[in-house]
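Here the protein sequences line up with chains A and B, keeping their order.
Take 332 as the starting number for the first sequence in the working numbering and just add one per residue.
Take 33 as the starting number for the second sequence in the working numbering and just add one per residue.
Glycine included, C-beta positions come from ideal geometry on N, C-alpha and C.
Quantities reported herein were computed from a predicted structural model and do not represent experimental measurements.
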Amino acid sequence: MPILEARSLTKTFRRPDKASGFKGAVKHLAQRKYKNYTAVDGIDLSIDAGESVAYVGPNGAGKSTTVKLLTGILKPTEGTVRVMGRDPHTERIANAHDIGVLFGQRTQLWWDLPVEESLKLLKHMYGVSDADYKARIAKFDELLDLGEFMPALARTLSLGQRMRADLACALIHAPKMVYLDEPTIGLDISVKDRLRAFLREMVNDGTTLLLTSHDLADIEEVCERIIVIDKGAVAYDGPITELKAHYITTKAVNLYLEDAVDVPALAEKFPEFTWAAGEAPSEVTVTYESARFSTAEVLGSLTAQLAPRDLSLSEPSIEDVIRRLYAGELTR
Amino acid sequence: MADTIARDRSLTARHVGGVYGRALVAQIRAITEYPADFWVMASAGVMWNLLQFAFLTVLFATVPDVAGWSYHEMLLLSGLLSVAAGSTALLCDGVWSTGQMVLKGEIDYRMTRPAPVVVQVATTHIGMQGFGEVAFGLVMAVYGWIGAGLGLAAAPVGVLALVCAVVIECALVTAFCAVNFWIKGPMSNFAFMLIDLQNSAMTMPLGLFPSGVRIVTMFVVPVAFVNFVPVAVLTGHLSGWWLVGTPLAALAALLAAVGVFRLGLRSYDSAGH
């Protein structure tokens, strides 16, 4: 049973169509023209309870707009959204009890109040009982180290502290469906690790998660399913493992030779592989199709004939796959 | 889900009142973080009213009345307006940020919480000048009340007038600030115009102005019911029947504010698409 369903979800914004400069602005005052811009174009989504879904795409692909449509902030131009059977826009109050939202670029903390005060205001707003509030704060403190900055004013927090506090705000009412839009943006690696561990635990506890992020490590570590969106439409929707298995068809060996490498000569000698010069003159990268050759076979052949000083193996990351999806090189 | 409290998915007046009250109390606590700002702003609120007080005192040193209104009646008029205007700073100052919130997409979070957006916006901050305005406004009003010979018997009418004045003023400011959902800009120019209209026209007896102004301020934008009508009734310049209009105007202004804000939210398209 899907917890979230969107059918033909479309959002079109009206933008002024005016020439640049002062003349264009004055002309637009007298003769107003607008252009329609479709940010989300007929997206179908279905997310089951307990799923952890990554929602990725290049800048301007329509990710944030989709999240705003799914959370009820925006009203769709066309199509429908149902979250637990409700329209999140028209049934905003009822929907709000079941969802948690974090927009990484903005805070929902009250700027001049201590973090604890913001959490208490939200506790009251969501009608969280004292016992549940205490238990959740204790858990957030354990996993996110909230205690150290609970008495601090929101405006005095570092970005990492602010993000952790915002995450606590988004989850204080134990929502069933959580939307996180760029939750690790601007964070250092240790805070990212802590947040990812927290999200994994949240998903293990049965919370449904929709995560948008440009940091693909967030996605690989937290999500099982990935939806790639580009130009407002879905470019890929499926398990991350399947995405990797389907599209990661090559492997690479980096060779460090004794002398400078003659790449064209090597390409002629080993035409079944793809050769590329490395950073240093004595470095070269060999790419081969993993379905045709085993790694042992390739290494055996190369070490026997080229006697490299050193070598390393590399596998294209999911980041490479998604980059190629954005570029339209891959389709499903 | 273990939550038991307020799992009722609809909003109750008690819940909304609780959210509003707690947010406001939290903001008052936050003021203690800025003691210098508090005293400067509160003093500014007193200063403006002190100027109005001085103006009336100087004016009445040369004239016995203005359109039939005495010095103390005029003080009551100005005092009630100051209390109402100061109350908006204390009770719903956040609505002045509506335009900025719309431009920056700061309404987003507020739409994902189970509380009316207008309540959340209104309680975003407190205008500290309101403390000075309300305090000195009350001083002027009480001084005017006593000087105008109004006794304790009229106090219930005074309290009703005060409550309605605060409601009308808060509602009108909210409605005029909500115009920024459509007219995109950080400044609430329409609300500034409303305040300007009140400071220019409503500190004087309405009889001084053409009938057009009287009609607009009574029946279109009912600012006359904030101070002029109740004070005119209390001091016998208008018949008692006019007092019925004050709570009606308060109700109409309240409904209009909620309606305009709701319509605005429907057209809200956030920021950063």
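Chain A has a Cβ within less than 8 Å of the Cβ of B:LEU43. In this structure, the CA atom of A:ARG437 is about 14 Å from the CA atom of B:VAL134. Within 9 Å of the CB of B:THR278, no CB atom of chain A is found; the nearest one sits about 32 Å away. When the alpha-carbon of B:GLU65 is set against those of A:LEU444, A:ALA337, A:ASP379, the nearest one is in A:LEU444. Going by DSSP, B:LEU204 is part of no beta strand (DSSP E) but of the alpha helix (DSSP H) stretching over 187-209.
Contact between B:SER110 and B:VAL198 does not hold, since their C-beta atoms are separated by about 16 Å, which reaches or exceeds 8 Å. Between A:LEU541 and the set A:LEU547, A:GLY517, A:PHE471, A:CYS554, the nearest pair of CA atoms involves A:CYS554. Residues of the region 423-434 of chain A that bring their beta carbon within less than 7 Å of a beta carbon in chain B comprise ARG423, ILE424, ALA425, ALA427, HIS428, ILE430, VAL432, PHE434, in sequence order.
Around the beta carbon of B:LEU295, fewer than 16 other beta carbons sit within 10 angstroms, so the residue counts as exposed. In this structure, the CA atom of A:THR421 is about 47 Å from the CA atom of B:GLY239. In the three-state reduction of the DSSP assignment, B:LYS216 falls in the coil class. Unbroken beta strand (DSSP E) runs of no fewer than 3 residues, entirely contained in the region 516-576 of chain A, are found at 539-543, 556-561, 564-570, following chain order.
In the three-state reduction of the DSSP assignment, B:ARG145 falls in the coil class. Per the C-alpha coordinates, the member of B:VAL253, B:MET172, B:PHE251, B:VAL245 positioned closest to B:LEU83 is B:MET172. Between the region 55-65 of chain B and the region 613-623 of chain A, the count of C-beta pairs closer than 8 Å stays below three; the two stretches do not touch.
A:PHE344 and A:LYS399 have their C-alpha atoms some 13 Å from each other. Taken atom to atom, the span from the alpha-carbon of A:ALA462 to that of A:ILE468 is near 10 Å.
Look at the region 391-408 of chain A: the residues with a C-beta under 9 Å from a C-beta of chain B are GLY391, GLY393, SER395, THR396, LYS399, THR402, GLY403, ILE404, LEU405, LYS406. Boundaries around A:PRO347 are those of the beta strand (DSSP E), 333-347, since no alpha helix (DSSP H) includes it. Residues of chain A with a Cβ closer than 7 Å to the Cβ of B:MET143 are, in chain order, GLY403, ILE404, ARG423. Around the beta carbon of B:ARG61, fewer than 16 other beta carbons sit within 10 angstroms, so the residue counts as exposed. Here A:ARG363 carries a coil assignment [DSSP, helix/strand/coil]. Residue contact with chain B for A:GLU513: absent (no Cβ-Cβ distance below 8 Å to any residue of chain B). Under the 10 Å beta carbon count, A:THR626 is surrounded by fewer than 16 other beta carbons and is classified as exposed.
When the five nearest sequence neighbours on each side are left out, the beta carbons in the same chain lying within less than 8 Å of the beta carbon of B:GLY100 are those of PRO237, GLY239, HIS269, in order along the chain. DSSP, read as helix, strand or coil, puts A:ALA501 in helix.
In this structure A:GLU513 is in contact with A:GLY435, their Cβ atoms being roughly 3 Å apart against a cut-off of 8 Å. Against chain A, the beta carbon of B:ASP301 has neighbours under 8 Å at PHE344, LEU405, listed in chain order. When the beta-carbon positions are compared, A:THR539 and A:ILE404 stay at least 8 Å from each other. For A:GLU448, the chain B residues whose C-beta falls within less than 7 Å of its own C-beta are ALA58, listed in chain order. Collapsing the DSSP output to three states places A:VAL432 in a strand. Of B:VAL191, B:THR235, B:ALA289, B:MET106, the smallest CA-CA separation from B:PHE208 is found for B:ALA289. Under DSSP, the beta-bridge partners assigned to A:ALA385 are A:LEU542, A:ILE557. DSSP lists no beta-bridge partner residue for B:SER271. Cα atoms of A:ASP549 and A:ILE558: separation of roughly 14 Å, rounded to the nearest angstrom. Judged by DSSP secondary structure, B:ASN81 falls within the alpha helix (DSSP H) whose first and last residues are 67-94.
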